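J.:
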Amino acid sequence: MKIICVGRNYAEHAKELKNDVPSEPVIFFKPDCALLRNNKPFFIPSFSKNLHYEVEIVFKINKVGKSISKKFAHRYYDSIAVGIDFTARDLQEKCRTKGLPWEISKAFDNSAAISRFISLDDVKNVNDLNFSLTKNDEVVQKGNTSDMIFHIDAVIEYISQFVTLKTGDLIYTGTPSGVGPVNVGDRLQAFIDDKKMMDFEIK
Ligand code: ZN
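Under the numbering used here, the first residue of the sequence shown is numbered 35, with each subsequent residue one higher.
1. Give the secondary structure of Ser139 by DSSP, where H, G and I count as helix, E and B as strand, and everything else as coil.
2. Pull every residue with its beta-carbon under 7 Å away from any heavy atom of the ligand ZN, and keep them in chain order.
3. Grab me the residues of Ser82's own chain with a C-beta within less than 7 Å of its C-beta, minus the 5 sequence neighbours each way, in chain order.
4. Consult DSSP for Ile236 and reduce its assignment to one of helix, strand or coil.
5. If you count every other CB in all the chains shown that lies within 10 Å of the CB of Arg42, and 16 or more means buried, which is it?
6. Cutting at 6 Å between CB atoms, please list the residues of its own chain near Thr205, excluding the five before and the five after it.
7. Can you list, in chain order, the residues of its chain with a C-beta nearer than 8 Å to that of Lys169? Leave out the 5 residues immediately preceding and following it.
8. So, are the CB atoms of Ile61 and Ile91 less than 8 Å apart?
9. Taking Ile193 as the reference, which of Asn53, Glu58, Met35, Lys49 has the closest Cα?
10. Glu46 lies in the alpha helix (DSSP H); which residues open and close that run?
11. So, helix, strand or coil for Lys128, using DSSP?
12. Are the Cβ atoms of Glu307 and Lys52 separated by less than 8 Å?
13. Kindly confirm or deny that the segment 224-232 and the segment 148-157 touch, where touching means at least three C-beta pairs closer than 8 Å.
14. Using CA coordinates, which residue listed in Asn72, His108, Phe120, Lys100 is at the minimum distance from Asn34?
What follows is the structure, encoded as structure tokens:
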């Protein structure tokens, strides 16, 4: 499986990192060894002094598809989770200023925390869904999927022009504003609506 991520998909977050709001989705990938499951702790890697959380809604692809049009895209997913796209912001900055790809700041081991999945049957409207992240019991990020610049069906249409989507692939759909650092001893909890989906420690 592969992990596909959308960058700068919420206007407020694009602004906070001083990026332009994109006219096409910004896509990057993480390898399967990036997955961090089952509320296991996240160990801060030694190569970063500024490790950030980014809470995101994640869609799981449930069948193979290529060149999927937007109007059929909803047939390719039926469950969602909440995830954290851990980012080594200092490495990302370094790569960005040199005009280089920032893959290493995003794709390292355990950089894609993922919650359990819930069926879309249990969600009223996936394009109007509240989600949030707390750090040490304080709300640090709050989002609603209606604020995404590119909604999931548009993202699937865009990505699948280039890359075949396969069963089990995950799409991280971007983070709202409020990203910030994690430190040893922090506790992160992520929610979809009021449902606690994920609860783990930073070590
Ligand atoms: Zn992200």
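Positions of the beta carbon are idealized from the N, C-alpha and C atoms, including for glycine. Computed from a predicted structure; not experimentally measured.
T.: Inspection of the coordinates gives the following:
1. helix
2. Cys39, Gly41, Glu88, Glu90, Asp119, Thr121, Tyr206, Gly208, Thr209
3. Ala122, Asp124, Leu125
4. strand
5. buried
6. According to the sequence as given, residue 205 is Ile; it is not Thr. Result list for Ile205: Ile38, Phe93, in chain order.
7. Tyr87, Gly214, Val216, Asp220, Arg221, Leu222
8. no
9. Glu58
10. First-last of the alpha helix (DSSP H) with Glu46: 45-50.
11. helix
12. The structure shown does not extend to residue 307, since the chain is modelled only from 35 to 237, so the question has no answer here.
13. yes
14. Lying before the first or after the last residue shown, residue 34 is absent from the chain, which here runs from 35 to 237.
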